[in-house]
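> Here it is, the structure, as structure tokens.
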Amino acid sequence: MILPIYLYGSNVLRETNQPVQPDYPELKQLVSDMYETMYNADGVGLAAPQVGLSIRLFVVDANPLSDTDPKAHGFKKAFINPEILERSGEITAYKEGCLSIPHINEEVMRESVVKIRYFDEDFNEHIDVFDGVAARIIQHEYDHLEQVLFTDLLSQLKKKLLKKKLNNIKCGKDKPSYKAKVN
Ligand code: NI
377 MILPIYLYGS
387 NVLRETNQPV
397 QPDYPELKQL
407 VSDMYETMYN
417 ADGVGLAAPQ
427 VGLSIRLFVV
437 DANPLSDTDP
447 KAHGFKKAFI
457 NPEILERSGE
467 ITAYKEGCLS
477 IPHINEEVMR
487 ESVVKIRYFD
497 EDFNEHIDVF
507 DGVAARIIQH
517 EYDHLEQVLF
527 TDLLSQLKKK
537 LLKKKLNNIK
547 CGKDKPSYKA
557 KVN
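To convert, count from 1 in the sequence shown and add 376; that's the numbering used here.
This is the structure we're talking about:
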């Protein structure tokens, strides 16, 4: 089922996200719905608050980027109750977008390697290290669980320049092609 995506200005994007309990009802269905919602919107990552749920869960599928980035190939995963244990490597710039912030793409600086602990859909615990585009998407989605949007990370000047565009999204004047809402 395709879920509506909550846009910039929605309260749910700024609320505290709770850990997912192992007995969370229909967790696998939710994960599947989040993938479907993400694919429908041509995204490569989607976090639970973006579909109106204040829980610590995100899904990633970087395969659409594998034409330009071979490292993206095969990287598809659900991250439940993730915790970034370490960020390292070079700090690089990469043009990011967000399904909650349509029609805006800006360069964001982030570390290039992350070590992360998380649970999969079967509640098996993993500790893995990711780099390249995987580390980039993970940090962006993880930020959603910490109430942070990529536009928060831009310079004061960039934020000023984007203010009007962001307001248009908030007011419902700038709508994406996929099912979306502001709460
Ligand atoms: Ni996002």
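We treat Cβ as the ideally placed atom computed from N, Cα and C, and that holds for glycine.
From the DSSP output, read off the bridge partner residues of Glu497.
Answer is none; Glu497 lacks a bridge partner.
> Among Asp528, Gly548, Gln532, Pro395, whose alpha-carbon lies nearest the alpha-carbon of Asn457?
Nearest of Asp528, Gly548, Gln532, Pro395 to Asn457, Cα basis: Pro395.
> Just confirm the distance between the C-beta atoms of Leu529 and Val490, as a whole number of angstroms; I'd bet it's less than 8 Å.
Not quite, the Cβ-Cβ distance comes to about 16 Å (not below 8 Å), so this is no contact.
> Report the residue from His479, Arg432, Ile503 whose alpha carbon sits nearest the alpha carbon of Ser553.
Residue His479 is the option with its Cα nearest to Ser553.
> Between Asn387 and Ala424, how many whole angstroms is the CB-CB distance? I'm expecting something under 8 Å.
About 14 Å; that fails the 8 Å criterion.
> Who are Glu506's beta bridge partners in DSSP?
Residue 506 is actually Phe in this sequence, not Glu. In the DSSP output, where bridge partners are listed per residue, Phe506 has Val490.
> Would you report the Cα separation of Lys452 and Ser442, rounded to the nearest angstrom?
Each residue's Cα considered, the two are about 12 Å apart.
> Shortest alpha-carbon distance to Arg432 belongs to which of Glu412, Arg493, Ala511?
Comparing Cα-Cα distances from Arg432 to each of Glu412, Arg493, Ala511, the minimum goes to Arg493.
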